[in-house]
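Here is the structure we will look at, set down as structure tokens.
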Amino acid sequence: MSEEIVNLSTADLADLPIKPADRRIVYGAAPVQFVDFYRPDGAGPWPTLVLVHGGCWRAQYGLDHISFLARTLAERGVAVCSLEYRRLGDEGGGWPGTFLDVGRGTDLLRELAADEPLDLDNVVAMGHSAGGHLVQWLGSRHQISSDSPLYVTDPLPLKGVISLAGVADLAEAIKWGICGETPAEL
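Given below as structure tokens:
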């Protein structure tokens with residue numbers, strides 16, 4: 002199968018139509034605490050991707066701009082859970098709410114697997130920019146100390162993490178002014 006590769010500008014990306022999810026699963030009381038589920042064809046079990054959007058951890062940037070990616074991956078046989086979370090500007094966003102949401106949304110896959118044939122032994126998390134930062138954290142949260150507000154007893158294990166232009170070091174992000182003041186606010 003050959004496909005044409007197309008370079009998209011930021012403006013092109015913003016103009017892409019929103020691809021609706023097959024299902025929305027709520028994991029908290031805030032309006033932004035949900036997972037949009039994109040179901041692939043076939044019987045499964047499906048490899049599963051937790052997709053975390055970027056946007057400098059700011060409330061004005063949600064997951065709609067990556068819906069085309071979620072749908073495209075689902076069309077290629079991957080179950081995609083596009084995770085929305087509280088961000089700076091949302092009540093409860095920032096520390097520790099943003100991290101708790103990303104963890105809760107990921108752990109929700111265990112419940113979703115009761116209804117959908119997800120392969121929970123083959124879960125990868127992928128995020129872009131601030132989402133890349135958050136999936137790096139997801140990949141290491143099994144090592145969090147029990148005295149941390151982010152600690153959970155049994156986080157969903159991940160097979161891997163893909164950080165696309167992720168902010169790996171908040172101190173360096175602050176130093177270089179990446180995303181303005183938001184790394185310091187986080």
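Per the numbering used here, residue 2 is the first one in the sequence shown, and the count goes up by one each step.
The beta carbon of each residue, even a glycine, is placed where N, CA and C say it ideally should be.
Since the model is a prediction, treat every value here as computed from it, not as a measurement.
Nearest to residue i (by Cα), restricted to the options the options
i      : options                           : result
ALA60  : LEU74, ALA131 and ASP23           : ALA131
PRO118 : TYR28, LEU165, GLY93 and TYR39    : TYR39
GLY55  : HIS134, LEU171 and ALA185         : HIS134
ILE149 : ALA75, VAL136, PRO41 and LEU101   : It should be pointed out that residue 149 corresponds to Ser in this sequence rather than to Ile. Checked all of ALA75, VAL136, PRO41 and LEU101; the closest Cα to SER149 is LEU101.
GLY128 : GLY140, LEU113, ILE163 and HIS143 : ILE163
GLY106 : GLU85, PRO46 and ASN123           : GLU85
ALA71  : PRO18, VAL27 and GLN34            : PRO18
Short Cβ contact (9 Å threshold) for residue i with residue j
i      : j      : result
CYS180 : CYS82  : no
LEU64  : ASP108 : no
Residue i, buried or exposed, once every other Cβ within 10 Å from all chains shown has been counted against 16
i      : result
GLY78  : exposed
ALA166 : exposed
TRP177 : exposed
ALA22  : buried
THR154 : exposed
Sequence-distant residues of its chain with Cβ nearer than 7 Å to residue i (five each side left out)
i      : result
SER146 : TYR152
GLY237 : In this structure the chain extends from 2 to 187, so residue 237 is not present and cannot be described.
Three-state secondary structure (DSSP) of residue i
i      : result
LEU109 : coil
VAL136 : helix
VAL81  : strand
Close beta carbons around residue i, own chain, < 8 Å, minus the five adjacent residues each side
i      : result
LEU187 : TRP58, LEU89, GLY95, TRP96, THR99 and LEU171
Cβ shell of residue i (< 6 Å), same chain only, five flanking positions each side left out
i     : result
LYS20 : SER68, PHE69 and ARG72
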